Amino acid sequence: MLRHSQSDTENADVQDRTDSFRDADNTDFFADAIRELSEDDEFGHDGRALIGLIGACDLPGVAMRRAQSILRWDRRPSLWSHAFLIVEPFQDGDAAIREVALHSRSGNFPEPADNAVTPAKLSHYNSRKVDANVALLGVRMNDKDVEAVVARAVENPNLERLRYDFFEALGFWQAFLWTRGTPNPLEQGVPVHSSSLIEYCYEAIQLDLTPGANDRNSAPEHLWNGARWWSAEFGEFNRPIRGRYVIRDPHCAVLGPGER
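If you're matching positions, the sequence shown starts at 16 in my numbering and goes up one per residue.
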């Protein structure tokens with residue numbers, strides 16, 4: 016469940032770009048959002064350490080979005096199915112990312128020794144049809160902060176394995192997708208693996224990205240809720256959040272077989 020922020024004002028620095036990019040591939044949105052956020056040296060960092068949110072319309076994506084409905088006041092599916100971290104500067108229309116993915120677009124196996132953290136590319140999420148909703152979020156950081164956040168994903172995925180066992184969480188979510196009758200892992204206290212990686216990385220700078228969560232039951236919905244509604248609290252710690260987003264599928268429509 017989400018804890019109410021007590022705020023009646025959305026974060027004005029998390030801005031809607033749907034009208035501009037509704038009919039464009041996500042590459043165009045990523046390039047523009049990274050350019051805008053990087054106009055301030057404390058936020059964009061040419062893409063490094065930016066948080067990516069994806070709301071997919073394929074079967075795994077829709078399952079993840081619907082599962083998060085229990086976290087929302089209105090019980091509707093989440094806009095978001097996945098989260099990732101950009102770990103290299105955006106160049107030539109692409110950038111390296113790290114993620115813990117239910118369905119890896121890169122084809123990389125989630126190695127237990129790496130706590131299921133796998134490399135991929137931003138370009139794996141270019142399709143506006145499959146990945147209808149996209150967002151990039153940036154936290155105010157200096158260069159040292161950025162290095163610390165990125166290092167957790169790239170070099171040190173196992174520092175807090177007892178609290179952040181992404182590989183084990185991934186198993187629960189795979190069972191939820193692949194077998195009938197498996198309970199929603201969020202109701203069992205199992206976090207979403209992709210957003211847990213983001214929380215783990217940002218703990219390197221002592222930042223709790225999900226003040227709206229009532230426990231460590233992380234989900235992409237928590238990251239989104241925090242960025243939109245908890246800006247005053249983040250500002251108190253000198254960690255305001257800025258972002259850009261595109262929402263093409265607010266209702267969680269699922270693509271049919273072969274529509275990818």
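For each residue, glycine too, the CB sits at the ideal point set by N, CA and C. Computed from a predicted structure; not experimentally measured.
In the DSSP assignment, the beta strand (DSSP E) including residue i goes from what residue to what residue?
i      : result
Val154 : Asn148 to Val154
Thr133 : Thr133 to Lys136
Gly258 : Ile256 to Ile262
Could you compute how far the alpha carbon of residue i sits from the alpha carbon of residue j?
i      : j      : result
His19  : Ser93  : Because His19 sits at a pLDDT of 49, beneath the cut-off of 50, its placement in the model cannot be relied upon, and the point is left open.
His326 : Leu68  : There is no way to answer for residue 326, as the model of the chain reaches only from 16 to 275.
Arg263 : Ala135 : 24 angstroms
Val165 : Arg257 : 18 angstroms
Gly271 : Pro127 : 32 angstroms
Val149 : Tyr260 : 6 angstroms
Phe187 : Glu202 : 12 angstroms
Trp146 : Leu212 : Correcting the residue type first, residue 146 is Asp in the shown sequence and not Trp. Their backbone Cα atoms lie some 20 angstroms apart in a straight line.
Glu274 : Trp245 : 37 angstroms
Phe44  : Asp38  : 10 angstroms
Phe283 : Ala184 : Lying outside 16 to 275, the shown extent of the chain, residue 283 is not represented and no answer is given.
Asp55  : Thr197 : 46 angstroms
Asp23  : Gln189 : 37 angstroms
Gln30  : Leu65  : 15 angstroms
Arg178 : Ala268 : 34 angstroms
Ala46  : Phe105 : 8 angstroms
His266 : Arg90  : 12 angstroms
Glu248 : Asp223 : 11 angstroms
Thr33  : Leu174 : 38 angstroms
Asp73  : Ser119 : 13 angstroms
Phe88  : Pro206 : It is Trp, not Phe, that sits at residue 88 in the sequence shown. One C-alpha to the other measures close to 19 angstroms.
Tyr36  : Glu25  : The sequence given here has Phe at residue 36, not Tyr. Those two C-alpha atoms are separated by around 22 angstroms.
Asp28  : Asn130 : 33 angstroms
Tyr217 : Phe252 : 14 angstroms
Leu117 : Ala111 : 18 angstroms
Report, in whole angstroms, the separation of the C-beta atoms of residue i and residue j, which I expect to be a contact under 8 angstroms.
i      : j      : result
Leu155 : Glu57  : It is worth fixing the name first, because residue 155 is Arg in this sequence and not Leu. Rounded, the Cβ-Cβ distance is 5 angstroms, consistent with contact.
Ser210 : Pro172 : Going by Cβ atoms, the distance from Ser210 to Pro172 rounds to 15 angstroms, so no, they are not a contact pair.
Leu137 : Asp109 : 5 angstroms
Ala168 : Leu86  : Not a contact, Cβ separation roughly 24 angstroms.
Asp160 : Ile220 : 5 angstroms
Leu152 : Pro75  : Not confirmed; about 22 angstroms, so no contact.
Val102 : Arg63  : 7 angstroms
Thr133 : Ser121 : 6 angstroms
Trp95  : Arg80  : 7 angstroms
DSSP has residue i in a bridge; who is on the other side?
i      : result
Leu279 : Since the displayed the chain opens at 16 and closes at 275, residue 279 lies outside it and no answer follows.
Ala111 : Lys136
Gln106 : Asp109
Between residue i and the rest of its own chain, which residues show a CB-CB distance below 7 angstroms, the 5 nearest in sequence each way excluded?
i      : result
Thr225 : Glu214, Ser233, His237, Leu238 and Gly241
Gly204 : Asn232
Ala163 : Ala219 and Ile220
For the alpha helix (DSSP H) containing residue i, name the first residue and the last one.
i      : result
Val161 : Asp158 to Val169
Gln30  : Counting along the chain, Gln30 falls outside any alpha helix (DSSP H), though it belongs to the beta strand (DSSP E) covering Val29 to Asp31.
His237 : Pro235 to Trp244
Gly186 : Phe181 to Trp193
Asn48  : Note on residue identity: the sequence assigns Ala, not Asn, to residue 48. First-last of the alpha helix (DSSP H) with Ala48: Asn41 to Leu52.
Ile213 : His208 to Tyr217
Val77  : Leu74 to Ala82
Give every residue of the same chain whose Cβ lies closer than 8 angstroms to the Cβ of residue i, excluding the five residues on either side of it in the sequence, and list them in chain order.
i      : result
Gly199 : In the sequence as presented, Gly is not what sits at residue 199; that position holds Asn. Ala82, Ile85 and Phe191.
Asn41  : Tyr140, Asn141, Ser142, Arg143, Asp146, Val149 and Val261
Asp180 : Asn130
Among the residues of its own chain, which have a CB less than 6 angstroms from the CB of residue i, if the five just before and after it don't count?
i      : result
His97  : Ile69 and Ser209
Ala78  : Leu192
Phe182 : Pro127, Asn130 and Ala131
His60  : Val161
Can you determine whether any heavy atom of the ligand FMN sits closer than 8 angstroms to the C-beta of residue i, and answer yes or no?
i      : result
Glu218 : This structure does not include the ligand FMN; it has no bound ligands of any sort.
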